[in-house]
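Count the sequence shown with this note's numbering and you get residues 48 to 139, in order.
Note that beta-carbon positions come from the ideal geometry of N, C-alpha and C, so glycine has one too.
If you're wondering where the values come from, they're calculated on a predicted model, not measured in any experiment.
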Amino acid sequence: MTLKLPEITYPLAIDTIGKMLALGYRMSVHCHNTGCGQHSTVDMTELCGRLGVDHSCMAADLAPHFRCTRCRQAGRDDKRIGFIQHTPTPQL
Numbered sequence: 048m049t050l051k052l053p054e055i056t057y058p059l060a061i062d063t064i065g066k067m068l069a070l071g072y073r074m075s076v077h078c079h080n081t082g083c084g085q086h087s088t089v090d091m092t093e094l095c096g097r098l099g100v101d102h103s104c105m106a107a108d109l110a111p112h113f114r115c116t117r118c119r120q121a122g123r124d125d126k127r128i129g130f131i132q133h134t135p136t137p138q139l
């Protein structure tokens, strides 16, 4: 599958997962339940393929598509999650 990444315009507004991917940003998701600590790096290419490159990268818009599998198996609330957007890091 080939993704058509969005055009980057200025002033820069990183408001979609497609723009995050095009600019080299990464994202991780973390469980906020006490004692869980589950976290994972999000595959941005797969996420864009699943939700579309124009999908918002705001936490409230992404949250319905994620859950904590560890908490779900334990019978706890599996939707107490948060996201961290990681800026591109230059290779030294």
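Return helix, strand or coil for residue i, following the three-state DSSP convention.
{"i": "Gln85", "result": "coil"}
{"i": "Met67", "result": "helix"}
{"i": "Gln132", "result": "strand"}
Output the distance between the C-alpha atoms of residue i and residue j, rounded to the nearest integer angstrom.
{"i": "His112", "j": "Pro137", "result": "30 Å"}
{"i": "His133", "j": "Gln120", "result": "29 Å"}
{"i": "Ile64", "j": "Ser87", "result": "17 Å"}
Please determine, among the options, the residue with the shortest C-alpha to C-alpha distance to residue i.
{"i": "Arg117", "options": "Gln85, Thr81 and Thr134", "result": "Gln85"}
{"i": "Cys83", "options": "Pro135, Leu50, Thr49 and Cys115", "result": "Cys115"}
{"i": "Thr49", "options": "Gly99, Ala110 and Asp124", "result": "Gly99"}
{"i": "His77", "options": "Pro135, Ala110 and Gly122", "result": "Ala110"}
Given 8 Å, three or more beta-carbon pairs between the region 124–131 and the region 106–114: Touching, yes.
Validate contact between the region 80–93 and the region 53–61 using beta carbons, cut 8 Å, 3 pairs: Segments in contact, no.
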